[in-house]
Amino acid sequence: MDFTFTDDQLTFREAISRFLMTEAAPEMLREIWETDVGRSPDLRNKIAAQGLTALSVPEAEGGLGMDDVAWALMTQELGYYAIPDSLADTAYVATGLLASLTAEHPARRLLPRIAEGNVRLAISHPVNPLVSDAQLAEVLILIDGDDIHVVPRSQVDVLHQPSIDASRRLGQVTWNPTAATCVASGVLGRTLQAQLLDRGALSVAGQLLGLAQRMLDLSVDYVAQRKQFGKPIGSFQAVKHHLADVARAIEQAKPVLYRAAHGLAQGDANASVWVSQARLACCEASWVAARKGIQVHGAMGYTWEVDLQMFMKRAWALDSSWGDRAFHKSRVSDYLFADGARLGPGHTFEE
Amino acid sequence: MELNYTPKQTAFRAEVRAWLAANLPREPLASYDTREGFEQHRAWEAKLFESRWSMVMWPAELGGRGCDLIEWLIFEEEYYGAGAPMRVNQNGQLLLGPTLMEFGTPEQKQRFLPRMAASLDMWAQGWSEPNAGSDMAAITSKATLDGDHYVINGQKTWSTRAIFADWLFGLFRSEPGSSRHHGLSFVMVPLNAPGVSIRPIKALNGKDAFAEVFFDDVRVPVANRIGADGQGWHVAMATAGFERGLLLRSPARFQATARRLVELYKANRDSADRDPSLRDAVLETWMGAEAYALSAYHTVGRLSRGEQIGAESSINKIIWSELDLKMHETAMRILGSRAELLAPGEGDAAGWLDGFLFAQSGPIYAGTNEIQRNIIAERMLGLPK
């Protein structure tokens, strides 16, 4: 029993964080928001050069072969810096799917390209009515009943749907399934779809937690500087207690996220329930961080001008991505209220 | 990250479980806020001690088993999972005990710790005073040096079960004219010493759950002081950290309550589902208890890697106290018109009521949750005072 990260995992996270701090400053995010495409190829290339796109690709296919636990840390960094890119969809969620295909499957040829950072995948799933980055992707992973298809962008039509989060690029995808693009069907198709969903949900959970931490940090900075009645407003208890509640929600969610990631990596039978618990905890932390954050920013919080807005909007937008809270709550509820559920002390970890 | 128990840990769990199954009291003990119940709990503690289960983390020479924190968590899970009695000597074992281990002399450790583990000495705490509650540095009770004794005068309050206890530990002003957190000493006082008088205070449950303690020229040997003269604040702050931290409120207790709440809801589903928020509260609090347990394992891992846990223990205190309150509020709402009844009834209604009353104190004792939020904001987030 060792519920901690390895030094390697923590060092990698720290390196990515330091890198993004300089390469993804809020001013740059704003610039990217204003562009039509909403993406910076330059930023994505730099991120790939740091090894992030290679994280989950098996070592034999040019990657680092790391698992969901590493992504529990990396997705927090992607959230913290509100990276305007669906990077984790390609490098984590889609990679997980491709890496579970048989060794000689032709779709695996995408894996080395993912590791090098020169292909973008977009993923559809029945829980997501729209597909993130569908317009920009070279390859789409699309679902048709039990079947999973890997489809070139040229074979689909995409209708752009603007989001309140200007860094989201959502599209409605229309296409005609053909046998040529099908990579999995039947039981295997359903299993892989379930895994896609869990990885997608975990990825969002990590990003939400990172967003919550960023909104807390921005709010702490603001209330330490902003003066009223001759003092920083951060010296007032009413303000302090708002932000203490945010810190509490974040700290409470972290281990829930980490256990879910570990459960996915190990293929634990209850991993889906744990992912949903993580999602609910991280959704809550990010919304509390947004609500309290805007409150302590006062009227400035309601403007386009302060950086807080970019992180709030991302948090609001991601809340229902890869399963809304009702979906995740119902999964936990089915587990909790089932006859014979093993609950209580001593049943926290899989036996 | 490795979230499986080792064979040794699993065997330890089985050993705890088997012992509890064979030794748990057949009938529930009376409330430890009564004389009768207090002595029943003391006898149970003695039984735990005989088999070295009372302080599993303490070294063998002090009556423990030298367990690590993971084994302690396992012990707690089995203990509360089995519905074993509440621990009556926690003020001693979990607050003073670690303080003595850190700051006590070898003689003090030998004199007090084994008797504490066996609950031969029951301990009350003497921190708060009528005008020093959240503002503990406002303490005025004095310990005046007179040769090799302190002469103690003043008043302490909110001393849990002090009317039944044998000893009290507390902070006293030993440097004349000192103020705030300077000049305080941490002293252990036998409650049968001449000049000590104790007046019980009835708690919400109508029982003598705590007391005021008056000191009138009470002579205590200087050897009963922990740490240096005037260094009491430093010693007490370490104790406050233990209290807010994991040790006093292990997650297992709250997980056991969360499980009982799920069972209560399931047994009363038809009436409870008239209010959809009840089912949601059951779900949310169960997730909260699980999150608290996960956080404990994560914290234990970080501690074993040499990390320090600071103001995060204030977060723990807010989490468990608000969780406990929410669970009991939900139970009361599920029980509906049965909730107010004192007589034992179906579905352990009286037990929930008792827990509900006690849960009211959670956000207040051990430093109010407002104080905890200040600590989080100032020490964790770095906001100005």
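Residue numbers (our numbering), protein chains in the order written: chain V, 1 to 351; chain W, 1001 to 1385. Note that CB positions come from ideal geometry on N, CA and C, so glycine has one too. This one's a predicted model, so the numbers in the text were calculated from it and none came from an experiment.
| query | result |
| --- | --- |
| Given a cut-off of 8 Å on the beta-carbon distance, is the pair W/LEU1073 and W/SER1250 in contact? | yes |
| Heavy atom of the ligand SAM less than 7 Å from the Cβ of W/ALA1082, yes or no? | Inclusion of the ligand SAM in the displayed structure is not the case, the ligand content being empty and no account of it being possible. |
| Would V/TRP304 be called buried (16 or more neighbouring beta carbons within 10 Å of its own) or exposed? | exposed |
| Let's test the definition: count the other Cβ atoms within 10 Å of the Cβ of W/LYS1202 and tell me whether it reaches 16, buried, or not, exposed. | exposed |
| Sort W/THR1285, W/ASP1121, W/ARG1013 and W/LEU1095 by Cα distance to W/TYR1080 and report the nearest one. | W/ARG1013 |
| Mark W/SER1179 as exposed unless 16 or more other C-beta atoms lie within 10 angstroms of its C-beta, in which case mark it buried. | exposed |
| Sorted by chain position, which residues of the same chain lie with C-beta nearer than 6 Å to V/LEU59's C-beta, five sequence neighbours on each side aside? | It is worth fixing the name first, because residue 59 of chain V is Glu in this sequence and not Leu. For V/GLU59, where only same-chain residues beyond five positions count, the Cβ hits under 6 Å are GLY65. |
| Curious, which full-length beta strand (DSSP E) runs of at least 3 residues does the segment 37-89 of chain V contain? | none |
| Does V/HIS105 pass the burial test, meaning 16 or more other C-beta atoms within 10 Å, or should it be called exposed? | exposed |
| Closer than 9 Å, Cβ to any Cβ of chain B: which residues of the segment 1040-1071 of chain W, in chain order? | Here chain B cannot be found, since the structure's protein chains are V and W. |
| W/GLY1063 bridges to which residues according to DSSP? | None; W/GLY1063 has no bridge partner. |
| From this set, W/ALA1011, W/GLU1077, W/ARG1035 and W/SER1051, which residue's C-alpha is nearest W/LEU1294's C-alpha? | W/GLU1077 |
| Leaving out the 5 sequence neighbours to the left and right, which residues in its chain are closer than 6 Å to V/ALA265 when beta-carbon positions are compared? | ASP67, ASP68 and VAL69 |
| Under 8 Å between beta-carbons, which chain W residues line up against V/PHE5? List them in chain order, please. | MET1001 |
| Would you mind working out which of W/GLY1230, W/PRO1098 and W/ASP1166 sits nearest W/VAL1196, comparing C-alpha positions? | W/ASP1166 |
| Would you say W/GLU1078 reaches chain V, if we count a Cβ-Cβ gap shorter than 8 Å as a contact? | yes |
| Exposed or buried, what is W/ASP1275 when buried is set at 16 or more other beta-carbons lying within 10 Å of its beta-carbon? | exposed |
| Apply the 10 Å Cβ neighbour rule to V/ILE164 and answer buried if 16 or more other Cβ atoms are within range, or exposed otherwise. | exposed |
| Mind listing the chain V neighbours of W/GLN1090? Cutoff is C-beta to C-beta under 9 Å, in chain order. | None at all; the shortest Cβ gap to chain V is about 18 Å. |
| Please name the residues in the segment 1271-1290 of chain W whose beta-carbon is closer than 7 Å to at least one beta-carbon of chain V, in chain order. | LEU1283, TRP1286, MET1287 and GLU1290 |
| Helix or strand or just coil, what does DSSP make of W/ASN1316? | helix |
| Do you know offhand how far W/HIS1181's Cα is from W/ALA1138's? | 8 Å |
| Please state whether DSSP places V/VAL306 in a helix, a strand or coil. | coil |
| Is it true that the CB of W/GLY1288 sits closer than 8 Å to the CB of W/SER1321? | no |
| Closest to V/SER17 by C-alpha separation, out of V/THR6, V/LEU136 and V/LEU73, would be which residue? | V/LEU73 |
| Which of the three DSSP states is assigned to V/TRP358 in this structure? | Since the displayed chain V opens at 1 and closes at 351, residue 358 of chain V lies outside it and no answer follows. |
| Round the Cβ separation of V/LEU97 and V/LEU196 to the nearest angstrom and send it over; I've been treating them as touching at under 8 Å. | 6 Å |
| Does the beta carbon of W/HIS1298 sit closer than 8 Å to a beta carbon anywhere in chain V? | yes |
| Tell me the rounded alpha-carbon separation between V/ARG199 and V/TRP71. | 10 Å |
| Any chance the segment 311-318 of chain V sits against the segment 118-133 of chain V, with 3 or more Cβ pairs inside 8 Å? | no |
| Any contact of the segment 1329-1348 of chain W with the segment 1264-1278 of chain W, i.e. 3+ C-beta pairs under 8 Å? | yes |
| Grouping DSSP H, G and I as helix and E and B as strand, with all else coil, what is W/LYS1326? | helix |
| Rounding to the nearest angstrom, what Cα-Cα distance links V/CYS283 and V/GLN76 in this structure? | 13 Å |
| For W/LEU1184, which three-state DSSP category applies? | strand |
| Taking a contact to mean a Cβ-Cβ separation below 8 Å, would you say W/PRO1130 touches W/GLY1063 in this structure? | no |
| Measuring CA to CA, which of W/LYS1317, W/GLY1301, W/ARG1302 and W/ARG1253 is closest to W/GLU1290? | W/ARG1253 |
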